[in-house]
Amino acid sequence: MIKTLDVETIRKDFPIFKTGIAYLDSANTSQRPRQVTAAMVEYFEKFNSNVHRAAYRIAEEATVRYEATREKVRDLINAASTKEIIYTRGTTEAINLVAYSWGRKHIKHGDLIVLTLLEHHSNIVPWQILAAEKGATIEYVDIDERGELRLDQFQKLLEHSPKLVAFGQVSNALGTINPAQEMVAAAKAAGATVLVDGAQGAPHQGVDVRALGCDFYAFSGHKMLGPTGAGILYGRRELLEAMDPFMSGGDMIKAVRIEGTTYHELPWKFEAGTQAIAEVIGLGAAVDYLSALGMDAVRAHEREITEYAYEALSDVEGLTLYGPPPSRRAGVISFSIEGIHPHDLATIADRDQVCLRAGHHCAMPLMTRLGVAATARASFYVYTQKDEVDRLVGSIKEAQRIFK
Amino acid sequence: MIKTLDVETIRKDFPIFKTGIAYLDSANTSQRPRQVTAAMVEYFEKFNSNVHRAAYRIAEEATVRYEATREKVRDLINAASTKEIIYTRGTTEAINLVAYSWGRKHIKHGDLIVLTLLEHHSNIVPWQILAAEKGATIEYVDIDERGELRLDQFQKLLEHSPKLVAFGQVSNALGTINPAQEMVAAAKAAGATVLVDGAQGAPHQGVDVRALGCDFYAFSGHKMLGPTGAGILYGRRELLEAMDPFMSGGDMIKAVRIEGTTYHELPWKFEAGTQAIAEVIGLGAAVDYLSALGMDAVRAHEREITEYAYEALSDVEGLTLYGPPPSRRAGVISFSIEGIHPHDLATIADRDQVCLRAGHHCAMPLMTRLGVAATARASFYVYTQKDEVDRLVGSIKEAQRIFK
Amino acid sequence: MSTRAGTAADDQFYREYILDHYKNPRNFGRLENPDISHEEDNPLCGDVIGMDFRVKDGVIEDIRFHGRGCAISQASASLLTERLKGLPLEDAKKIGKADVLGELGIDISPARIKCALLSLKVLKVGAYGLAGNDEDEE
Amino acid sequence: MSTRAGTAADDQFYREYILDHYKNPRNFGRLENPDISHEEDNPLCGDVIGMDFRVKDGVIEDIRFHGRGCAISQASASLLTERLKGLPLEDAKKIGKADVLGELGIDISPARIKCALLSLKVLKVGAYGLAGNDEDEE
Ligand SMILES: Cc1ncc(COP(=O)(O)O)c(C=O)c1O
Ligand SMILES: Cc1ncc(COP(=O)(O)O)c(C=O)c1O
Chain A
134 MIKTLDVETI RKDFPIFKTG IAYLDSANTS QRPRQVTAAM VEYFEKFNSN VHRAAYRIAE
194 EATVRYEATR EKVRDLINAA STKEIIYTRG TTEAINLVAY SWGRKHIKHG DLIVLTLLEH
254 HSNIVPWQIL AAEKGATIEY VDIDERGELR LDQFQKLLEH SPKLVAFGQV SNALGTINPA
314 QEMVAAAKAA GATVLVDGAQ GAPHQGVDVR ALGCDFYAFS GHKMLGPTGA GILYGRRELL
374 EAMDPFMSGG DMIKAVRIEG TTYHELPWKF EAGTQAIAEV IGLGAAVDYL SALGMDAVRA
434 HEREITEYAY EALSDVEGLT LYGPPPSRRA GVISFSIEGI HPHDLATIAD RDQVCLRAGH
494 HCAMPLMTRL GVAATARASF YVYTQKDEVD RLVGSIKEAQ RIFK
Chain B
134 MIKTLDVETI RKDFPIFKTG IAYLDSANTS QRPRQVTAAM VEYFEKFNSN VHRAAYRIAE
194 EATVRYEATR EKVRDLINAA STKEIIYTRG TTEAINLVAY SWGRKHIKHG DLIVLTLLEH
254 HSNIVPWQIL AAEKGATIEY VDIDERGELR LDQFQKLLEH SPKLVAFGQV SNALGTINPA
314 QEMVAAAKAA GATVLVDGAQ GAPHQGVDVR ALGCDFYAFS GHKMLGPTGA GILYGRRELL
374 EAMDPFMSGG DMIKAVRIEG TTYHELPWKF EAGTQAIAEV IGLGAAVDYL SALGMDAVRA
434 HEREITEYAY EALSDVEGLT LYGPPPSRRA GVISFSIEGI HPHDLATIAD RDQVCLRAGH
494 HCAMPLMTRL GVAATARASF YVYTQKDEVD RLVGSIKEAQ RIFK
Chain C
196 MSTRAGTAAD DQFYREYILD HYKNPRNFGR LENPDISHEE DNPLCGDVIG MDFRVKDGVI
256 EDIRFHGRGC AISQASASLL TERLKGLPLE DAKKIGKADV LGELGIDISP ARIKCALLSL
316 KVLKVGAYGL AGNDEDEE
Chain D
196 MSTRAGTAAD DQFYREYILD HYKNPRNFGR LENPDISHEE DNPLCGDVIG MDFRVKDGVI
256 EDIRFHGRGC AISQASASLL TERLKGLPLE DAKKIGKADV LGELGIDISP ARIKCALLSL
316 KVLKVGAYGL AGNDEDEE
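Chains as they are written, first to last, in the numbering used here: chain A, 134 to 537; chain B, 134 to 537; chain C, 196 to 333; chain D, 196 to 333.
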């Protein structure tokens with residue numbers, strides 16, 4: 134049996150809720166519990182120092198805590214080894230790392246890259262730049278009227294033997310949960326290297342990268358209760374070993390000589406310069422927090438809130454919901470209200486301290502496909518209460534009264 | 134008249150000193166005052182949200198604070214515009230950004246890059262990789278027996294019209310203060326693009342990038358009382374405008390379309406994905422802190438401590454000091470003790486809670502030139518007291534007793 | 196902290212005339228064969244506003260705007276076209292941010308200021324060719 | 196928190212035999228025409244240790260080490276060569292981290308563990324070709 138979340142207790146760990154906000158923008162960035170800030174402050178006040186090459190105890194302590202996060206993350210996503218866990222600033226840097234270090238080596242003129250129309254800009258633009266540089270082609274898998282990927286089209290594209298297939302596990306704009314495992318299997322069978330953008334996956338459900346079978350998996354700490362500045366690239370060891378470094382400088386080297394330089398082994402080969410030490414330690418505390426809740430319970434709670442919100446919003450007149458039914462989506466609901474621009478809605482909601490996102494959600498190709506410039510979006514996490522959804526509905530009605 | 138620092142009052146702002154450590158490793162990473170952690174925690178607890186595209190007040194607040202750091206940094210280094218201030222993880226990422234976005238465009242087969250033997254690996258390896266890729270040549274300016282750059286040699290190299298000249302304002306390994314303004318002027322006159330690695334400059338002295346005249350200037354927040362995860366690349370607007378983005382993804386775009394993408398203007402063109410928001414805000418608080426002290430006072434204090442330490446260490450038998458006299462160096466002293474390996478010295482100092490660095494200080498080519506594998510290094514900052522230097526001398530004597 | 200208004204009519208931000216310009220935009224549509232035509236988008240939300248100008252003897256004889264956007268950007272565009280119609284281009288050049296914001300007559304938060312100024316940007320860039328990426332106001 | 200010892204002789208870490216092996220390393224130097232010769236460095240501090248082996252009928256007949264390093268890496272190398280001399284290669288293969296650390300007989304902090312194990316790495320990689328970058332112990 135899946136545990137259920139005790140949301141009231143959880144909320145006590147988030148001091149920001151004392152301000153009275155209803156925070157419905159967790160797909161953008163999550164709130165952080167005091168355990169996370171406490172871990173960072175403990176580093177700052179007790180053993181603040183640089184990691185590795187430590188010659189004294191506080192630096193040893195910092196190194197141990199800093200490296201401990203790697204094992205926590207490895208465990209969270211069930212990677213085979215901590216050598217496969219690379220610290221980055223977030224999903225965007227992780228994908229750029231792959232585009233530079235793997236992409237520039239392997240993508241050649243005439244090669245095909247398959248993306249989808251659901252992608253976040255961070256999983257589009259690096260590939261556009263790479264493709265332009267190399268003379269490769271990008272094809273985008275379309276969506277159906279429910280905002281789900283056209284798997285028939287995906288299969289067709291695979292027949293053209295793409296070099297790379299990159300897609301998001303969950304759409305940040307529509308909440309669509311893609312059949313990632315199936316898609317990875319098909320793409321691997323077609324001979325492609327596969328990157329999964331897990332920015333909206335890892336924070337919200339249990340992830341097993343080995344079961345998933347992908348080559349790369351990228352996600353951001355700040356969307357999963359961690360601080361800004363720390364994220365993860367998982368890569369299969371074999372691929373990472375064969376890749377050149379992305380950034381270079383201190384700490385990622387074995388020996389620097391005028392005649393040339395040898396690189397450090399994994400994972401440090403990809404971590405040049407002083408890293409975001411406090412932030413990585415904070416991310417470790419965030420993973421602890423989520424692990425204690427249990428990712429199944431996290432998912433179950435989000436599903437419950439999402440169903441509740443979907444129902445509540447469906448009842449609002451003049452409201453259009455985008456994307457799949459609640460059973461097939463994560464805790465994200467995009468919608469629009471007839472006659473009211475999302476920005477105006479967000480401004481009115483904000484007066485009620487309801488934090489709502491309005492815009493293209495860094496998914497402009499998807500917006501173009503949907504024929505809208507922007508939507509309003511509510512997204513949920515472990516601390517979200519039904520009461521906050523009710524407040525959102527109240528704000529919508531208020532907006533309708535003003536714009537009637 | 135230059136203000137003097139009230140070090141006792143300053144130390145009260147650094148909770149870590151309650152642990153009793155003598156922290157002599159500030160060139161590696163500095164300690165952070167409670168004002169910096171407080172600014173981060175305030176963000177986490179009061180207006181934690183993502184910046185830009187804000188549709189609600191807390192995100193506006195976060196954006197204002199996040200962007201305010203840019204103006205503070207602009208003011209600190211006297212850049213012409215905040216468009217010239219790019220947030221990075223630190224010096225290493227800043228230099229890599231230039232190597233990728235400027236270097237890959239402008240460095241061609243047969244071009245000359247001039248570095249110096251004093252450089253940190255972060256200002257060597259990116260250029261080695263670039264040179265290898267492009268078929269360019271690197272020449273290193275040698276040092277004299279005092280650890281100062283051979284300016285005669287530098288001038289000779291400039292006669293070969295290097296495309297790029299990159300050097301550190303201050304050596305992190307020897308403390309040598311280079312005549313940066315003079316060197317930049319000569320390099321510019323020779324037609325080179327000039328990058329100054331300010332990692333050991335900006336934290337310790339007043340910097341005026343316009344007076345300096347360089348094209349790029351890179352430094353790290355964590356070495357100047359700021360948190361880990363946030364640093365700065367300054368670049369002249371004209372150059373930055375002409376450069377392609379480094380990383381790409383969310384936030385650095387104007388419009389993403391399947392047919393192609395247009396980029397956002399400066400500085401955001403170079404800031405892809407969710408940035409280190411809390412850390413940038415923390416860096417702003419660090420700049421406030423330093424500005425309140427006054428950079429002249431900071432430099433004067435470090436000079437006083439350095440002179441004191443230089444004297445005290447000179448009196449120790451069997452101790453070799455590397456680098457220039459105290460009047461020509463920043464708050465960094467590298468040394469070795471006859472018969473005692475630096476690592477053993479650091480271990481023994483650590484038992485007295487004296488935090489000392491031992492190693493190659495990410496400057497292996499310099500170590501090779503000096504004919505040593507490693508040195509011990511003490512480095513100072515605004516909070517350093519003479520008493521801590523005395524404790525270091527005590528630890529050295531203890532080590533000598535053990536190893537006698 | 197809520198500033199929710201009792202009725203729409205006395206809303207401090209979405210004032211009646213703003214809503215009126217939003218719902219019934221003046222000079223909305225396109226001109227045939229305009230002398231100047233220019234579009235700008237607000238990269239923050241994807242909203243687009245375009246303007247068509249007919250200019251004769253240095254005077255803006257006719258003007259239309261098109262595009263989509265929030266109440267603020269639409270009302271601001273509508274108000275601006277009213278002001279521009281019949282104005283010499285020389286005078287149009289003098290219109291600045293303060294004028295546009297003053298005309299809107301409401302307190303604009305930093306987040307919405309780009310909405311309010313989008314139409315001014317179309318005017319500036321389109322009608323007298325200022326740099327499109329000059330966003331020093333930020 | 197200081198664990199400073201009253202006299203050097205009873206120092207808990209820099210024990211007398213460690214200092215002795217450091218100052219008077221056993222089997223220090225080079226062999227002429229060794230059957231195996233291999234060097235490794237500790238990337239964390241730049242220290243280098245190399246070993247020369249003379250092997251006959253599967254037995255390490257003679258051994259020398261060279262290089263520079265801290266007391267821990269030097270003493271550990273010196274102790275290891277003493278143990279290796281005369282040992283069948285097959286038995287040498289069985290020497291593991293625990294053996295080396297046990298022989299040193301002091302509490303090694305994580306920061307110094309690479310110093311203590313550098314000579315073992317030379318043995319492993321040089322004498323029976325294990326991957327040089329296998330640092331799973333970290
Ligand atoms: C002179 C110099 N350059 C570059 C760096 C690299 O800085 P970071 O590790 O913050 O990227 C350092 C830090 O050690 C330094 O001292
Ligand atoms: C699906 C998806 N991919 C990538 C990103 C980019 O993540 P970050 O901004 O943390 O780099 C996001 C965040 O908005 C996202 O939702």
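Even glycine gets a Cβ: it sits at the ideal position worked out from N, Cα and C. Since we're looking at a predicted model, the values are computed, not measured.
**Study point:** Three-state secondary structure assigned by DSSP to Met246 (chain C)
**Key:** strand
Practice item. Please list the partners that Arg307 (chain C) has in chain A, where partner means a Cβ-to-Cβ separation under 8 Å. Key: His476 and Thr480
Practice item. Give a yes or no on whether the minimum CB-CB distance between His337 (chain B) and chain A is below 8 Å. Key: no
Practice item. Could you say which of A:Ala306, A:Arg343, A:Glu194 and A:Ala323 lies nearest to Gln314 (chain A) if we only look at CA atoms? Key: Comparing C-alpha distances from Gln314 (chain A) to each of A:Ala306, A:Arg343, A:Glu194 and A:Ala323 shows the shortest one belongs to A:Arg343.
Practice item. Flag Ala509 (chain B) as yes if its beta-carbon sits less than 8 Å from any beta-carbon of chain D, otherwise no. Key: Judged by the 8 Å Cβ criterion, Ala509 (chain B) is not in contact with chain D.
Point to revise | Near-chain C residues of the stretch 513 to 536 of chain A - C-beta to any C-beta below 8 Å | key: Glu531, Arg534, Ile535 and Phe536
Practice item. Would you check whether ligand 2 has a heavy atom nearer than 7 Å to the C-beta of Asn256 (chain A)? Key: For Asn256 (chain A), the shortest C-beta to heavy atom distance toward ligand 2 is below 7 Å.
Point to revise | Candidates B:Lys136, B:Ile391, B:Asp277 and B:His494, of which the one nearest Ile257 (chain A) by Cα | key: B:Ile391
Review point. CB Lys179 (chain A) to CB Thr137 (chain B), shorter than 8 Å?
Key: No Cβ-Cβ contact shorter than 8 Å links Lys179 (chain A) with Thr137 (chain B).
**Study point:** Whole-number beta carbon distance between Val465 (chain B) and Ile529 (chain B), since they are thought to touch under 8 Å
**Key:** 17 Å between Cβ atoms; not a contact.
Exercise for review: Report the residues of the stretch 286 to 306 of chain D with a CB closer than 8 Å to any CB of chain A, ordered along the chain.
Suggested key: Using a CB distance below 8 Å, the part of the stretch 286 to 306 of chain D facing chain A consists of Ser304, Pro305 and Ala306, ordered along the chain.
Exercise for review: Alpha carbon to alpha carbon, how far is Asp302 (chain C) from Gln333 (chain A)? Give it in angstroms, no decimals.
Suggested key: A direct Cα-to-Cα measurement between Gln333 (chain A) and Asp302 (chain C) gives close to 36 Å.
Exercise for review: Would you kindly work out how many angstroms separate the C-alpha atoms of His253 (chain B) and Ser255 (chain A), rounded to a whole number?
Suggested key: If I take the Cα positions, the gap works out to 32 Å.
Exercise for review: May I ask you to list, following chain order, the residues of the stretch 487 to 499 of chain A that have a beta carbon less than 8 Å from some beta carbon of chain C?
Suggested key: Ala491, Gly492, His493 and Met497
Check your understanding: Just to check, is the beta-carbon of His355 (chain B) closer than 7 Å to a non-hydrogen atom of ligand 1?
Key -> Flag set: Cβ of His355 (chain B) near ligand 1.
**Study point:** Extent of the continuous alpha helix (DSSP H) to which Val342 (chain A) belongs
**Key:** Per DSSP, the continuous alpha helix (DSSP H) segment holding Val342 (chain A) begins and ends at Val342 to Leu345.
Review point. Ligand 4 heavy atoms versus the CB of Cys495 (chain A): any closer than 7 Å?
Key: You won't find ligand 4 in this model; what it holds is ligand 1 and ligand 2.
Review point. So is His242 (chain B) buried or exposed if we call it buried at 16+ other beta carbons inside 10 Å?
Key: exposed
Practice item. State the CB to CB distance for the pair Tyr176 (chain B) and Ile414 (chain B), rounded to an integer number of angstroms; the pair is presumed to be in contact (CB under 8 Å). Key: 5 Å
Review point. Among residues of its own chain, excluding the 5 on either side of Met380 (chain B), which ones have a beta-carbon nearer than 6 Å to its beta-carbon?
Key: Around Met380 (chain B): Ala405.
Check your understanding: Closest to Asp285 (chain A) by CA distance: which of A:Asn305, A:Ser353, A:Pro312 and A:Gly308 is it?
Key -> A:Pro312
Exercise for review: Quick one: which residues of the stretch 350 to 364 of chain B get their C-beta closer than 9 Å to a C-beta of chain D? List them in chain order.
Suggested key: none
Review point. Where in the stretch 297 to 335 of chain B do unbroken runs of the beta strand (DSSP E), each at least 3 residues long, occur, reported from the N-terminal end onward?
Key: Entirely contained in the stretch 297 to 335 of chain B, the beta strand (DSSP E) runs reaching 3 residues are, in chain order, 297 to 301 and 326 to 330.
Review point. Are the CB atoms of Ala363 (chain A) and Asp330 (chain A) nearer to each other than 8 Å?
Key: Between Ala363 (chain A) and Asp330 (chain A), the CB-CB gap reaches or exceeds 8 Å.
Check your understanding: Just how far apart, CA to CA, sit Tyr273 (chain A) and Ser353 (chain A)?
Key -> 24 Å
Check your understanding: In chain order, what residues of the same chain have a beta carbon less than 8 Å from the beta carbon of Asn183 (chain B), not counting five sequence neighbours either side?
Key -> Ala192, Ala195, Thr407 and Ile410
Review point. Going along chain B in order, which residues have a C-beta closer than 9 Å to the C-beta of Arg221 (chain D)?
Key: Within chain B, no residue comes near Arg221 (chain D); the closest Cβ sits about 18 Å away, beyond 9 Å.
Review point. Tell me, which residues are paired with Pro283 (chain C) by DSSP?
Key: The partner list for Pro283 (chain C) (beta bridge, DSSP) reads C:Val254.
Review point. For Leu250 (chain B), which three-state DSSP category applies?
Key: coil
Practice item. Using the Cα positions of Phe349 (chain B) and Ala264 (chain B), report the straight-line distance between them to the nearest angstrom. Key: 19 Å
Practice item. For the beta strand (DSSP E) containing Gly393 (chain B), list its first residue and its last residue. Key: Gly393 to Tyr396
Practice item. Taking C-beta pairs closer than 7 Å, name the residues in chain A that Glu226 (chain B) reaches, listed in chain order. Key: Met380 and Gly406
**Study point:** Any C-beta of chain D under 8 Å from that of Val184 (chain A)
**Key:** no
Review point. Taking the C-alpha atoms as reference points, what is the distance between Ile143 (chain B) and Glu281 (chain A)?
Key: 58 Å
Check your understanding: For ligand 1, is there a heavy atom less than 7 Å away from the beta-carbon of Glu252 (chain D)?
Key -> Reading off the sequence shown, one finds Asp at residue 252 (chain D), where the question assumed Glu. With a cutoff of 7 Å, Asp252 (chain D) does not count as near ligand 1, since its C-beta is closer than that to no heavy atom of the ligand.
Review point. Short check: CB of Asp247 (chain D) to CB of Arg221 (chain D), under 8 Å?
Key: Cβ distance not < 8 Å, so Asp247 (chain D) and Arg221 (chain D) don't count as in contact.
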